Amino acid sequence: EYITVERKNFFKTEKFTEKKLHMVFNPPYGERLSLDMEEFYASIGDTLKQNYPGTEAWFITSNLEALKYVGLRTSKKIKVFNSHLESRLVKYVMYEGSKKTKHQD
Numbered sequence: 031e032y033i034t035v036e037r038k039n040f041f042k043t044e045k046f047t048e049k050k051l052h053m054v055f056n057p058p059y060g061e062r063l064s065l066d067m068e069e070f071y072a073s074i075g076d077t078l079k080q081n082y083p084g085t086e087a088w089f090i091t092s093n094l095e096a097l098k099y100v101g102l103r104t105s106k107k108i109k110v111f112n113s114h115l116e117s118r119l120v121k122y123v124m125y126e127g128s129k130k131t132k133h134q135d
């Protein structure tokens with residue numbers, strides 16, 4: 031198989047294959063750019079949920095507070111340092127539907 035690296039507007043794209051997709055994000059930490067971090071990270075989470083089923087997404091960020099707004103449960107967290115900044119490498123796994131199980135009597 032091949033590895034493809036592309037640069038696109040994430041918020042205007044969607045998964046184009048049934049194959050498993052792996053994405054890596056290094057989103058703004060809020061240190062150099064003035065963004066509404068809550069809205070930005072929530073938009074990333076919403077886009078992943080709606081447009082990328084069957085995808086594994088990894089984030090590296092030092093803005094630990096902003097990760098709360100992604101709105102997804104992490105499947106893995108690793109403490110790392112990005113230069114001098116304490117950061118987290120976190121993994122999110124997208125799935126179709128709900129993981130909640132329904133109990134029937």
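If you count by our numbering, then the sequence shown holds residues 31 to 135, one letter each, in order.
Beta carbons: idealized from backbone N, C-alpha and C, even for Gly.
Predicted model only: the values in this text are computed from it and were never measured.
List the residues that DSSP assigns as beta-bridge partners of residue i.
i	result
residue 44	In DSSP, residue 44 forms no bridge with anything.
residue 116	111
residue 106	121
residue 90	119
Could you tell me the alpha carbon to alpha carbon distance between residue i and residue j, rounded to whole angstroms?
i	j	result
residue 107	residue 116	13 Å
residue 118	residue 99	15 Å
residue 47	residue 105	23 Å
Look at the Cβ atom of residue i, then the Cβ atom of residue j, and state whether they are nearer than 8 Å.
i	j	result
residue 53	residue 77	no
residue 71	residue 97	yes
residue 124	residue 50	no
Compare the C-alpha of residue i against each of the options and name the closest.
i	options	result
residue 40	114, 75, 126 and 49	75
residue 111	58, 37 and 91	91
residue 120	55, 82 and 34	55
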